[in-house]
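Inspection log for the structure reproduced underneath, given as structure tokens.
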Amino acid sequence: ERGRRVNRDGRTYLYAACERLGLPYVPSHANFVFIDVKVDSRAVFQELLRRGVIVRTGDIFGLPTHIRVTIGTPEENARFVRALEEVLPLLK
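Under my numbering, think of the first position of the sequence shown as 2, with each following residue one higher.
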């Protein structure tokens with residue numbers, strides 16, 4: 002039950018961050034979210050990795066501008082969002 006609550010709260014947090022940043026996302030019931038970062042997901046992956054944040058690129062799913070983000074703890078989710086806010090302006 003705790004795990005489901007953490008996932009639900011994490012999804013809500015990530016959805017709100019996406020909406021604030023103007024990034025479309027694919028609603029999910031799983032422990033990950035696909036986010037359309039509107040640029041090459043491989044470039045976003047590399048920049049996030051440099052900041053210690055690991056995501057998956059969407060190109061292997063036929064979604065070259067999407068990243069797959071695993072829902073983490075509140076701290077991990079916040080760290081991801083901060084890093085994404087840093088990275089996206091560099092790539093646009």
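The beta-carbon is built from N, C-alpha and C at its ideal position, and this holds for glycine as well. These numbers were taken from a predicted model, which means no experiment stands behind them.
Sequence-distant residues of the same chain with beta carbon closer than 7 Å to residue i, five excluded per side
i: Lys-93; result: Val-40
i: Asn-32; result: Asn-8, Thr-71 and Ile-72
i: Val-45; result: Val-38, Ile-68, Val-88 and Leu-92
i: Arg-43; result: Thr-58 and Asp-60
i: Arg-21; result: none
i: Gly-4; result: none
Sequence-distant residues of its chain with Cβ nearer than 6 Å to residue i (five each side left out)
i: Gly-11; result: Ile-72 and Asn-78
i: Val-27; result: Phe-35
i: Ser-23; result: Sequence check: residue 23 is Gly here, not Ser. Answer for Gly-23: no residue qualifies.
i: Val-82; result: Ala-18
Inter-residue CB distance, residue i and residue j (contact presumed, cutoff 8 Å)
i: Ala-84; j: Leu-49; result: 5 Å
Other residues of its chain near residue i: CB distance less than 8 Å, five sequence neighbours each side excluded
i: Arg-52; result: Ala-84, Glu-87 and Val-88
C-beta contact flag for residue i and residue j at 8 Å
i: Leu-15; j: Val-34; result: yes
i: Val-56; j: Arg-80; result: no
Would you list, in sequence order, the uninterrupted beta strand (DSSP E) runs of no fewer than 3 residues that lie entirely inside the region 2–44?
-> 33–37
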